[in-house]
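Written out below as structure tokens is the structure these notes cover.
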Amino acid sequence: VQLQAFGGGLVQPGGSLRLSCAASGSIRSINTMGWYRQAPGKQRELVAAITSGGSTNYADSAKGRFTISRDIAKNTVYLQMNSLKPEDTAVYYCNYHDFITGQSYWGQGTLVTVSS
């Protein structure tokens, strides 16, 4: 499975960004796709995830501000980020998890910088 992420960049506090990640290769019908982030000097953490059935899970820091969605037909997951804060600055990584094999795949990461 290959993942390609798009949409990072520089945004002012309070602004919005939309990340997208397209998966290709051996995609199974039952899976989870999600977004993680890693800020300098910190561990990688879950931001949001969505199953192939549409169930979602958000980090507390993302609730009410971020929305994860996916287009099953396009094998693409999106992360709409609103009301961005400087502490959201991080490299955001797309993740694909295969429930059958238990294997996870990672995209290349896209940098989000929230700064005035």
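Here our numbering is used: the first residue of the sequence shown is 465, the next is one more, and so on. From the three backbone atoms N, C-alpha and C, an ideal C-beta is built for every residue, glycine too.
- In the DSSP assignment, E509 falls within the unbroken beta strand (DSSP E) covering E509 to T515.
- Within its own chain, the residues whose Cβ lies closer than 7 angstroms to the Cβ of G471, once the five positions on either side in sequence are excluded, are L481, R482, L483, S484 and T574, listed in chain order.
- Rounded to the nearest angstrom, the Cβ distance from L467 to Y569 is 6 angstroms, consistent with a contact under 8 angstroms.
- Selection Q476, G518, H561 and S579 evaluated against V465 yields H561 as nearest (Cα-Cα).
- The secondary-structure analysis by DSSP pairs F530 across a beta bridge with M545.
- Nearest C-alpha to L548 among I491, G473 and R529: R529.
- At a Cβ-Cβ threshold of 8 angstroms, I514 and S493 do not count as neighbours.
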